[in-house]
Amino acid sequence: MMNQDNSEWITLLQKLVTENEMQNRQLKKQLFYTRIFAAVGLVLAILLAVVVFRVVPPALSAMETATAAMEQASDTLALVDETLLDVQSLFEENGLIVQSSEALAQAMEKIDRMDIDSLNQAIQNLKDVVEPMADFFGRFKR
């Protein structure tokens, strides 16, 4: 009887040892995958920081330049609009010919002073900054 009890205990202990070994293997796999996920998360965080510090400041600078150029263009367009109103009143009354020519001269001065090259450069800078971001985020749509 005692021998049979011992063999049952030994069998039970062997089962426990086997299950413990299987659990240890599973825990080691889990630890391995957890480390991989942590490393991938760290790499992604570093890439995000690089994107933020390398892309955002030039984009802001390009936007400021574009905004300034658009404000100047808006002023010029407002002056052109005023000039067109003066031209319309020229046909209504005979005394506005001199006033219209002065307004037109002012509009031409503003247009001459408008820096089209800097506006084009600002648009190009904005495109240069936004295009890599669009490519980067476009990869996630697939």
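Here the numbering used here is used: the first residue of the sequence shown is 7, the next is one more, and so on.
Positions of the beta carbon are idealized from the N, C-alpha and C atoms, including for glycine.
All of these numbers come straight from a predicted model, not from anything done at the bench.
Asked	Found
Continuous beta strand (DSSP E) assignments of at least 3 residues falling wholly in the region 30 to 113	none
Secondary structure of Met120, DSSP reduced to three states	coil
Cβ neighbour criterion (16 or more within 10 Å) applied to Val135	buried
Of the residues Val57, Val46, Thr24, Glu88, the one placed nearest Gln112, counting alpha carbons only	Glu88
Alpha carbon of Tyr39 to alpha carbon of Ile129, nearest angstrom	46 Å
Segment contact, 8 Å Cβ cut-off, at least three pairs: the region 107 to 123 with the region 65 to 80	yes
Separation of Ile117 from Thr82, as counted between CA atoms	6 Å
Burial state of Ala109, where buried means 16 or more other Cβ atoms lie within 10 Å	buried
Outcome for Ala68 when other beta-carbon atoms lying within 10 angstroms are tallied against a minimum of 16	buried
Beta-carbon gap between Ala65 and Leu132 smaller than 9 Å	yes
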